[in-house]
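Data block below; observations after.
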Amino acid sequence: MKRLLLITAIILCTSSLYAQEPVFLQKAYEFLIKRDDVDTTRIYQPSKACLSLGLLTTGQKAGFDVDVDFKVKFDDASSLNSISKYSLSENLCKKIGLEVGYGNASFSYSLEVGPRSAWKKSAFGLGIMGKSWGAKFNYSKITNPFISSFTVGQEGNEGYFHDEIITEEAAVLKNFTIDGYYVFNNKRFAYPAAYKIGLIQRHTAGSWMLTARYMQGSLYNSPEASWDSYNMLDCFSTMQASVGGGYSVNFVLWHKNPVGPRDEGLGNLTINLTAMPVITLVNYLKTTSYEYGSDEETNEVYNTGEKISKIWCYPMPNYIGSAAISLTMWRFFFSTQFTYNRFYFRSRDAFNASQMDLPNYVDDLSFRGTFHDWMLKGILVYRF
């Protein structure tokens, strides 16, 4: 009887989806071809949705840096301020690719060219960029050597010690973000004008904006790599939710209205500047420290387990910024774009000390880290 009910429910759900499929497809098509409600004296848009094809090139760099501050205490009650640093980043990543668009949607694919930026790298992005609102989904994964340093005291003082190690084993950095924005003055200000084809700003205008970001990031360092480093903490994962706002402005340096049905004579030169500070309200951190043991006969060192701590870090101010310059000539669109992101996380307690087996001489730990990335993109598009 239960199996019969389950099969019946599946059939009903499937039938319902098939019944709604034409409605869904119709709404999706309407979204693609929908003309925006704008002040036509300020914003120009083509008469109908058109297919576009673009060539793009990008240069970008991402990374993760961590500092753990602590004190080394001695039997005579003296102490030395010390720091353990480690990071993972890529060299400059250069890509070329294609972008296909129709109406309000576009898809692009790029391949890395020239010297490799990392041992392994993969990335994926998907976005919708409308005049009123937009959202972007980005995922990246970088596999590269892990850089570690350990410093006790200050150079020139008694007891000073410093060393830096680049591990032979690679660590893995992952980052997933969802960004969204809303434009208040969306009838007179076309935020996407300098970033994608389809909307053209006729006169200089700006608007206040709201933004939000959700981010999940992690740095995995293997036990083998960690054994050869000075890290007090070995793996990190963070979850952040941020909200904020800022201002964006389009400076129109030159504009010429079209004189024909295929946009003959159209010309435009626009510069966009956008700054959106945010506050990271949800700032969750998970840290892992490996434990080691050794074989008494062979003296071989091996991993015996993990010490994991989960903490809520302080709210932090962070920053999202971008700039772009675009040139439109007839049905050609060229844009150079720069984006910059820097997200911090910090805690007075790098982890819950009661969960860690630390030497007695280590005290007063504090933790700070940064995810950072920037990208410079150039794209040439033709609208059919």
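Mind the numbering: the sequence shown is residues 981 to 1364 in the working numbering, read in order. Even for Gly, the Cβ is constructed at its ideal location relative to N, Cα and C. Predicted, not measured: the structure shown is a model, and the values here were computed from it.
Query	Result
Is the beta carbon of alanine 1303 sitting closer than 8 Å to the one on asparagine 1252?	yes
Going by beta-carbon coordinates alone, are phenylalanine 1044 and leucine 1345 separated by less than 8 Å?	no
Count Cβ pairs between the segment 1122-1139 and the segment 1164-1184 that sit closer than 8 Å; are there 3 or more?	no
Return helix, strand or coil for serine 1058, following the three-state DSSP convention.	coil
Count the other C-beta atoms from every protein chain shown that fall within 10 angstroms of the C-beta of glutamate 1274, then say buried if there are 16 or more, exposed otherwise.	It is worth fixing the name first, because residue 1274 is serine in this sequence and not glutamate. By the 10 Å Cβ count, serine 1274 comes out exposed.
Identify which residue in Asn1201, Gly1105, Ala1174 has its Cα closest to the Cα of valine 1152.	Asn1201
For isoleucine 1359, count the other beta carbons within 10 Å of its own beta carbon; 16 or more makes it buried, fewer makes it exposed. Which is it?	buried
Counting beta carbon pairs with one atom in the segment 1079-1094 and one in the segment 1061-1068, are three or more of them shorter than 8 Å?	no
Helix, strand or coil for proline 1295? Go by DSSP, reduced to three states.	coil
Express the C-alpha separation of asparagine 1118 and cysteine 1073 in angstroms, rounding to a whole number.	16 Å
Below 6 Å CB to CB, which residues in the same chain sit around tryptophan 1188 once its five sequence neighbours on both sides are set aside?	Phe1164, Tyr1227
My parser needs the beta strand (DSSP E) runs of 3 or more residues fully inside the segment 1112-1161; what are they?	1113-1132
Does serine 1206 come out as helix, strand or coil in the three-state DSSP assignment?	helix
Could you tell me which of Tyr1299, Phe1312, Gln1317, Arg1311 sits nearest to phenylalanine 1351, measuring between CA atoms?	Tyr1299
In the DSSP assignment, find the unbroken beta strand (DSSP E) run with isoleucine 1259 in it and report its ends.	1247-1274
With burial defined as no fewer than 16 other Cβ atoms inside 10 Å of the residue's Cβ, what is the status of phenylalanine 1046: buried or exposed?	Per the sequence shown, residue 1046 should be read as valine rather than phenylalanine. By the neighbour-count rule (16 or more Cβ atoms within 10 Å), valine 1046 is buried.
When DSSP builds the beta bridges, which residues end up paired with glycine 1349?	Val1046, Phe1325
Within 10 Å of its beta-carbon, does tyrosine 1272 have 16 or more other beta-carbons around it, so buried, or fewer, so exposed?	exposed
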